[in-house]
Amino acid sequence: MQEDILKVLFTEEDIQVLVRKLAKQVERDYKGRNPLMICILKGAVVFMTDFVRNIDDYVEMDFMDVSSYYGGTKSTGEVRIIKDVDTSVRDRDVILVEDIIDTGITLKSLMELFSHRGAKSVKVCSLFNKPSGRQEFVTADYVGATVPDEFIVGYGLDYDGRYRNLPYIGVLKPEVYAK
Ligand code: 5GP
Ligand code: MG
Ligand code: MG
252 MQEDILKVLF TEEDIQVLVR KLAKQVERDY KGRNPLMICI LKGAVVFMTD
302 FVRNIDDYVE MDFMDVSSYY GGTKSTGEVR IIKDVDTSVR DRDVILVEDI
352 IDTGITLKSL MELFSHRGAK SVKVCSLFNK PSGRQEFVTA DYVGATVPDE
402 FIVGYGLDYD GRYRNLPYIG VLKPEVYAK
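Our numbering numbers the first residue of the sequence shown as 252 and each following residue consecutively.
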């Protein structure tokens with residue numbers, strides 16, 4: 252798998268620094284509020300597990316699967332709910348946990364959905380932000396790092412279902428897309 256990677260953007264150690272920073276910010280801002288962390292599958296699942304283990308307070312977790320990418324590297328502009336949360340969000344402080352914000356289409360629709368369902372607050376914590384891709388005006392309340400206009404993989408992020416298990420964040424060699 253290593254041979255498919257052109258360059259590493261964030262090492263395991265780099266990522267842990269970002270994750271701890273985000274966890275401490277959220278821990279401080281949400282002290283005693285028992286926020287409901289909603290992990291957006293599948294990309295954010297690796298981040299979520301490290302993130303919550305760095306928060307020294309009560310939190311709850313739920314999972315939602317939505318899709319706007321259908322195997323390729325470009326958004327289709329549509330968001331489909333594949334798996335919904337089990338928890339009622341009414342009067343809850345919701346934190347949407349994302350891997351990366353690119354077009355912003357996914358987040359915009361999820362923020363509207365949870366506000367509509369009566370959440371007390373809806374905030375966004377994303378490990379990465381790719382501002383160059385934005386089509387909808389959305390900003391994350393907590394961002395680990397900004398990334399350039401490149402398609403990244405690893406630490407939960409996939410290309411065509413692969414590379415989620417890489418412990419670092421990398422950029423694929425162009426020939427991988429041509430396969
Ligand atoms: P958005 O709706 O903001 O365009 O992005 C939604 C999802 O697209 C992200 O949560 C992520 O799963 C996927 N995505 C966006 N940019 C990248 C990228 O650079 N690499 C990978 N692997 N997925 C991405
Ligand atoms: Mg995602
Ligand atoms: Mg994907």
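All C-beta atoms, glycine included, are put in the ideal place defined by N, C-alpha and C.
Three-way DSSP call (helix, strand, coil) for residue i in this model
i                 : result
arginine 413      : strand
phenylalanine 379 : strand
methionine 288    : strand
valine 259        : strand
valine 398        : coil
glycine 384       : helix
valine 389        : coil
lysine 275        : helix
tyrosine 281      : coil
alanine 429       : helix
Which listed residue (the options) has its alpha carbon closest to that of residue i
i              : options                           : result
lysine 430     : Asp344, Ile420, Arg415 and Asp411 : Asp411
valine 277     : Leu423, Leu347 and Asn380         : Leu347
glutamate 349  : Met362, Gly355, Ser377 and Val303 : Ser377
isoleucine 266 : Lys424, Phe379 and Arg279         : Phe379
aspartate 344  : Val270, Asn285, Asp307 and Lys293 : Asn285
serine 319     : Ala370, Val375 and Gly294         : Gly294
aspartate 301  : Gly283, Met315, Lys275 and Arg279 : Lys275
valine 422     : Lys371, Val404 and Asp307         : Val404
arginine 304   : Pro399, Ile291, Glu263 and Arg271 : Arg271
alanine 391    : Ile351, Val375, Phe402 and Glu401 : Val375
Buried or exposed (CB count within 10 angstroms, at least 16 for buried), residue i
i                 : result
threonine 357     : buried
tyrosine 406      : buried
threonine 397     : exposed
phenylalanine 388 : exposed
leucine 220       : With the chain running from 252 to 430 in the structure shown, residue 220 is simply not present.
tyrosine 281      : buried
glycine 283       : exposed
lysine 381        : buried
aspartate 252     : Reading off the sequence shown, one finds methionine at residue 252, where the question assumed aspartate. Exposed.
isoleucine 420    : buried
Contact with chain C by residue i, beta-carbon distance below 9 angstroms
i          : result
valine 427 : Looking at the structure shown, chain C is missing, and only one protein chain is on hand.
Strand pairing of residue i, partner residues [DSSP]
i           : result
glycine 405 : Leu408
valine 268  : For valine 268, which the question treats as bridged, DSSP gives no partner whatsoever.
leucine 423 : Ile256
Ordered list of beta strand (DSSP E) runs contained in the region 303 to 377, each at least 3 residues: 311 to 318, 331 to 334 and 344 to 352
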